[in-house]
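Report on the following structure.
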Amino acid sequence: MGLMVAVGAGTALIASEATANDLDRVIKMLASQNQASAEKQKAITKLSDEADDLESQYESVAKQADSLQLYVEQLETTVQGQREQLASLEDQIDRVTDVGRRVVPLMRQMVETLESFIEVDLPFLKDERRERVARLNRILDAPDVTDAEKYRQIMEAYQIEVEFGRTIEAYQGRLGTAGDEEGGEAVNFLRFGRVALVYASLDGRSFGAWDQRERTWVDLPSSYGPGIMRGLRIARKQAAPDLVFLPIPAPRDAEATAAAQ
Numbered sequence: 053m054g055l056m057v058a059v060g061a062g063t064a065l066i067a068s069e070a071t072a073n074d075l076d077r078v079i080k081m082l083a084s085q086n087q088a089s090a091e092k093q094k095a096i097t098k099l100s101d102e103a104d105d106l107e108s109q110y111e112s113v114a115k116q117a118d119s120l121q122l123y124v125e126q127l128e129t130t131v132q133g134q135r136e137q138l139a140s141l142e143d144q145i146d147r148v149t150d151v152g153r154r155v156v157p158l159m160r161q162m163v164e165t166l167e168s169f170i171e172v173d174l175p176f177l178k179d180e181r182r183e184r185v186a187r188l189n190r191i192l193d194a195p196d197v198t199d200a201e202k203y204r205q206i207m208e209a210y211q212i213e214v215e216f217g218r219t220i221e222a223y224q225g226r227l228g229t230a231g232d233e234e235g236g237e238a239v240n241f242l243r244f245g246r247v248a249l250v251y252a253s254l255d256g257r258s259f260g261a262w263d264q265r266e267r268t269w270v271d272l273p274s275s276y277g278p279g280i281m282r283g284l285r286i287a288r289k290q291a292a293p294d295l296v297f298l299p300i301p302a303p304r305d306a307e308a309t310a311a312a313q
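So, in structure tokens, the structure goes:
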């Protein structure tokens, strides 16, 4: 009977050890499966995140593509407008070139007319006015000056000449022959528009006027002296505007008449 018990106990022990080994293997297997499942879950999560990122990138790229498409369409519209504008500019350039060919001779004629007018006008500030014309002639031949700028300066010179007819002026110069300003006695000139050009000697004792018909200087009686001297002071803004008497030729004769300022 004791032998049988011993055998039975050994069998139980063996069975117990076998069960423990199986349980350990099962635990290890479950642990391995759990780890594998966790790794798979990580991989699935990573793939899901990557898919979300790709979807987000796709949506962003799609929006950019739509925006670029709109931009391209806008550029096409702009380019078409620029093509039309370029064609218009080319047409305008052709017309400007044609106008330029006609304007250049006209501007030269205007300068020649101004030069002739100065020579037959009252002989005031002759040197200054002649130099202005000479400068215009130089500008007309200057290749680096645009036609628009040439025309502007010509019109400016004409405007200056127009203003001479609306103003009075006092200046000092020389009493040259035939109205030239070279040589001759130094005097004080008084220009009353283009109506009268008179002078007084520097000592205020002798007076004269330009005779446009004879194109020469003529002496004036001393009775004109007070009017001329006062006119000089008015022109220099040394006296208030007032009535002065100057020798102004009448339309049909050379009788002196009064000029008011």
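In the working numbering, the protein residues as written are 53 to 313.
For every residue, glycine included, the Cβ atom is placed at its ideal position computed from N, Cα and C.
Who are the Cβ neighbours of residue i in its own chain at under 6 Å, not counting the five residues just before and after it?
i	result
Leu-227	Gly-236, Glu-237 and Val-239
Gly-283	Leu-242 and Val-296
Thr-219	none
Phe-259	Ala-252, Leu-272, Tyr-276, Gly-277 and Ile-280
Gln-224	Asn-240
Opposite residue i in the DSSP bridges: which residues?
i	result
Ser-253	Val-239
Arg-226	Ala-238
Gly-260	Tyr-251 and Asp-271
Glu-221	Arg-243
Leu-177	According to DSSP, Leu-177 bridges with nothing at all.
Would you kindly work out how many angstroms separate the C-alpha atoms of residue i and residue j, rounded to a whole number?
i	j	result
Gln-121	Tyr-110	16 Å
Trp-269	Pro-293	27 Å
Ala-95	Ile-79	24 Å
Asp-255	Asp-179	24 Å
Glu-358	Trp-262	What the structure shows of the chain is the stretch from 53 to 313, and residue 358 is not part of that stretch, so it cannot be assessed.
Arg-257	Arg-154	55 Å
Glu-102	Glu-142	57 Å
Gln-290	Asp-196	45 Å
Ile-300	Ala-194	42 Å
Leu-158	Arg-265	31 Å
Glu-91	Asp-105	21 Å
Ala-139	Gln-132	11 Å
Gln-134	Arg-181	48 Å
Tyr-123	Gln-93	44 Å
Glu-107	Glu-125	27 Å
Ala-285	Ala-222	One point to set straight first is that residue 285 is Arg, not Ala, in the sequence displayed. Approximately 8 Å, taken between the alpha carbons.
Ser-89	Ser-100	16 Å
Ala-72	Asn-86	21 Å
Within a Cβ cutoff of 7 Å, which residues of the same chain sit near residue i, ignoring the five residues on either side of it in sequence?
i	result
Met-81	none
Asp-118	none
Ser-84	none
Leaving out five residues on either side along the sequence, give the residues of the same chain with a beta carbon under 8 Å from the beta carbon of residue i.
i	result
Leu-169	In the sequence on display, residue 169 carries Phe and not Leu. Glu-213, listed in sequence order.
Met-281	Ala-252 and Gly-256
Arg-288	Ala-222
**OP:** Examine the Cβ distances between the segment 156–165 and the segment 128–148 and report whether three or more of them are shorter than 8 Å.
**Re:** no
Original post:
Would you call the segment 243–253 and the segment 170–185 touching, i.e. three or more CB-CB distances under 8 Å?
Top reply: Yes, they touch.
**OP:** Check whether the segment 155–162 touches the segment 199–211, counting contact only when three or more Cβ pairs, one atom from each stretch, lie closer than 8 Å.
**Re:** yes
Original post:
Residue ranges of each beta strand (DSSP E) run of no fewer than 3 residues wholly in the segment 65–153, ordered along the chain?
Top reply: none
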